[in-house]
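Protein chains: 2
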Amino acid sequence: MKLNIFKIGGNIIENQEELMTFLKSFSEIDGHKILVHGGGKSATELLLKLGIVPLMIQGRRITDSETLEVVTMVYGGQVNKTIVAKLQALGINALGMSGADANSIQAHKRPVTEIDYGFAGDVDGIDASILTSLLNLGLTPVFCALTHDQNGQLLNTNADTIASALAIGLSDEFKTTLNYCFELNGVLKDIDDKTSVIQKMDSKSYETLVSEGIIAEGMLPKLHNCFQALKNGVAEVRIGNLGLFEKENSNYTTLTL
Amino acid sequence: MKLNIFKIGGNIIENQEELMTFLKSFSEIDGHKILVHGGGKSATELLLKLGIVPLMIQGRRITDSETLEVVTMVYGGQVNKTIVAKLQALGINALGMSGADANSIQAHKRPVTEIDYGFAGDVDGIDASILTSLLNLGLTPVFCALTHDQNGQLLNTNADTIASALAIGLSDEFKTTLNYCFELNGVLKDIDDKTSVIQKMDSKSYETLVSEGIIAEGMLPKLHNCFQALKNGVAEVRIGNLGLFEKENSNYTTLTL
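Taken in sequence, the protein lines are chains A and B.
As numbered in my numbering, the first sequence has no gaps in its residue numbers, which increase by one up to the final residue, 257.
As numbered in my numbering, the second sequence has no gaps in its residue numbers, which increase by one up to the final residue, 1257.
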């Protein structure tokens, strides 16, 4: 049985029109599927409105208790429930979830080293059994970027990591494809040329591209995680603009081992 | 099979200690159960912080689009996910839901008459089948006070009404008890005497108490709804402080037909 896991980022979520285009494409994909979303700039906007200074270090949010409250409201409440209601209107029986719901994603608070990330979660594992049961009921889980430590503490957790953990954890039950959706058509050879999409990449060609310095620095950790997912049972990873995924001869990047 | 549905109000939710006491009692109740919560004053507090004037008419919130965003964040995000995480720590496999999730509660926007309540929902029905499946998976649904119109619109919906609709809708599948939990020990004969709990009430004694003017005005619509639930298949309604429900010889009000 096939399972498609899609992760969408802030740029899609923040633009009402792009979000609706994405959700329509998502609703038309056959078979079992899961959606994972971050919260994008709306959390930062609410923090600022409430007079809380957003703290980021190396692109990662520092989650103090006030910030955790805000991301719980924005990711778990506003963004998640809005997407669920829109998907229901499109005929998809969506079920909004955090990792605390049905104990679906277990995590621990990131240990303090040089940086104290606060209430940030590192994923330990997922409950493949309950998620398989939910999928078999015809439900489409919609995950926000929150997990829990099983001791009552919610944790702000990277949405890419959640998508990858779900794809890996469900690979025994399903032939799993992990789809990272963003505004570009895929991984680019030349960051200034949006048509220079690398259509196929395997671990060997990836290493060559890295050694030649062709892959931009920002993409490195993302691609590293993709290949980790492939090594741990995920059948395929696709990176690009979801609207194009289901069209023939489309331009996007497919990763395999 | 028995099903216990509990509704908790703002006074329990806002007090961290009372909430934990309630959740502990709730976690100790055997068998299938569902929790329904409102959001209490935290939504009003956030509205005020954001410079939005909360509008209430006859004790009911007027939900304009800004207010809907805030209640979606507070009820669906902060309050719901916090309760779910706390219940998980107590060993209960909680699943946070709005009526949009799994299309579990269908509603329509309240028609505008003399008052325009905005995005307020009147419940049409529930999906007993999916909820039964979720309960049979060992999950404990935790509902916030939000429903949807199946056309993509979330709706702010009275938590008492949601609890009652769930109890009625699940009465074919389960022997259903509806529990309204609040700070008092039950329905009082004398509003100034907190020990004057009416322990048992049926539709006949209720009518007598109403005609004698003994039941306070604020309780009338609540009790009317309770008897409606009993007439529609709910086995029993209990009103009082949940901590006492499971103790012998406790003081609370039990309603039967």
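All C-beta atoms, glycine included, are put in the ideal place defined by N, C-alpha and C.
- Under DSSP, no beta-bridge partner is assigned to V1234/B.
- Excluding residues up to 5 positions away in sequence, nothing lies with its Cβ nearer than 7 Å to the Cβ of T208/A in the same chain.
- Using beta-carbon distances, S1098/B counts as an interface residue toward chain A, with a partner under 8 Å.
- G1010/B and I92/A have their C-alpha atoms some 33 Å from each other.
- In the structure shown, D1122/B falls within a strand segment according to DSSP collapsed to helix, strand and coil.
- A direct Cα-to-Cα measurement between M1097/B and D192/A gives close to 44 Å.
- Residues of the segment 72-86 of chain A with a Cβ closer than 8 Å to any Cβ of chain B, in chain order: T72, M73, V74, Y75, G76, G77, Q78, N80, K81, T82, V84, A85 and K86.
- Contacts with chain A at 8 Å (Cβ-Cβ) include K1049/B.
- The beta carbons of L1046/B and L1154/B sit no closer together than 8 Å.
- Between G152/A and T253/A, the gap from beta carbon to beta carbon reaches 8 Å or more.
- The closest CA to that of L1090/B, considering only L1134/B, I1029/B, E1066/B and T1147/B, is found on I1029/B.
- Segment contact: the segment 165-173 of chain A against the segment 109-129 of chain A, three or more CB-CB distances shorter than 8 Å; contact assigned.
- In the DSSP annotation of this structure, Y1180/B is not part of any alpha helix (DSSP H); the continuous beta strand (DSSP E) holding it starts and ends at K1175 to C1181.
- Among the CB atoms of chain A, none fall inside 8 Å of the CB of I1162/B.
- Counting every other CB atom within 10 Å of its CB across the protein chains shown gives A1216/B a total below 16, marking it as exposed.
- Below 8 Å, enough C-beta pairs join the segment 55-62 of chain A and the segment 111-119 of chain A to call them touching: three or more.
- Comparing alpha-carbon positions, the option among S65/A, H224/A, T177/A and V142/A lying closest to K204/A turns out to be H224/A.
- Look at the segment 22-52 of chain A: the residues with a C-beta under 9 Å from a C-beta of chain B are L46, K49, L50 and G51.
- Under a criterion of Cβ atoms nearer than 8 Å, the residues of chain A adjacent to Q1088/B are, in order, A100, N103, H148, Q150 and G152.
- Neighbours of N4/A in chain B, taken as residues at a C-beta separation under 7 Å, are lacking, since the least C-beta distance is about 19 Å.
- With a threshold of 16 other beta carbon atoms within 10 Å, D1190/B falls short and is exposed.
- For L1255/B, the beta-bridge partners assigned by DSSP are M1201/B and V1237/B.
- A check of alpha carbon separations from G1240/B across M1219/B, I1130/B and E1066/B identifies M1219/B as the nearest.
- Taking the Cα positions, I1052/B is about 36 Å away from Q150/A.
- Around K2/A, the same chain offers G31 and K175 as residues with beta carbons nearer than 6 Å, after the five sequence neighbours per side are excluded.
- For the options A107/A, G40/A, E173/A and H148/A, the alpha carbon positioned closest to that of Q78/A is the one of G40/A.
- In this structure, the straight-line span from the alpha carbon of M1073/B to that of S27/A is close to 25 Å.
- Within the model, the alpha-carbon separation for A107/A versus E1014/B is close to 27 Å.
- Look at the segment 112-133 of chain A: the residues with a C-beta under 8 Å from a C-beta of chain B are I130 and S133.
- Here the C-alpha atom of A1229/B lies approximately 10 Å from the C-alpha atom of T1161/B.
- Annotation: Cβ neighbours of E69/A in chain B (cutoff 8 Å, chain order): Q1078.
- In this structure, A94/A sits near T140/A, with a CB-CB distance shorter than 8 Å.
- The three-state reading of DSSP puts M56/A in strand, counting E and B together.
- Per the DSSP secondary-structure output, K1189/B pairs with nothing in a beta bridge.
- In the displayed model, A216/A falls within coil according to three-state DSSP, outside both helix and strand.
- DSSP places I1008/B within a strand segment (E or B) once states are collapsed to three.
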